[in-house]
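Just so you know, we're using this note's numbering here: the sequence shown kicks off at 2 and counts up by one.
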Amino acid sequence: MKTLTMISIFLLSSISLKAQESILGHWNTGQENTVIEIKETDGKMEGRIISSDHPKAPLGKLILKELRREENLLKGKLYSPKFDKWFDASFSQQSNDCEVTIKVGWVERKVNWTKLQ
Numbered sequence: 002m003k004t005l006t007m008i009s010i011f012l013l014s015s016i017s018l019k020a021q022e023s024i025l026g027h028w029n030t031g032q033e034n035t036v037i038e039i040k041e042t043d044g045k046m047e048g049r050i051i052s053s054d055h056p057k058a059p060l061g062k063l064i065l066k067e068l069r070r071e072e073n074l075l076k077g078k079l080y081s082p083k084f085d086k087w088f089d090a091s092f093s094q095q096s097n098d099c100e101v102t103i104k105v106g107w108v109e110r111k112v113n114w115t116k117l118q
């Protein structure tokens with residue numbers, strides 16, 4: 002019985018860890034074919050622009066930081082090169098789609114990102 006309990010705990014923690022890691026990878030933002038790579042560095046998840054059709058896109062620029070899991074969402078800061086400012090954002094992932102909600106004061110804007118294979 003004790004062994005069964007330990008195996009169950011291990012499996013549940015593995016599933017939970019896998020769900021947390023699923024945001025990692027390459028994401029197309031849907032704007033000018035911009036791709037963001039989200040990876041874990043020094044125990045922190047962050048994202049950088051790795052490609053874009055926009056001629057002035059700051060390639061390599063840190064664009065996501067302070068990503069943390071809160072219930073079924075990821076929350077963090079999203080950088081806007083257009084405004085040269087960091088905004089609060091939440092990320093709700095469903096398989097290969099991620100709804101990104103950006104908060105600017107009282108206003109929220111939602112965009113959808115698609116995970117690349």
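Using N, Cα and C, we set each Cβ at its ideal position, and we do this for glycine too.
Since this is a predicted model, take the numbers as computed values, not measurements.
For residue 79 and residue 64, which I take to be in contact (beta-carbon distance under 8 Å), what is that distance rounded to the nearest angstrom?
Right, their Cβ atoms sit about 7 Å apart.
Relative to the C-alpha of residue 90, which residue among 67, 96, 40, 97 is closest?
Per the Cα distances, 67.
Can you tell me the Cα-Cα spacing of residue 99 and residue 115, whole angstroms?
One C-alpha to the other measures close to 6 Å.
If we ignore side chains and look at the alpha-carbon of each, how far apart do residue 17 and residue 94 end up?
Bear in mind that the predicted position of residue 17 carries a pLDDT of just 42, short of 50, making it unreliable; the figure below should be weighed with that in mind. Computed Cα separation, rounded: 14 Å.
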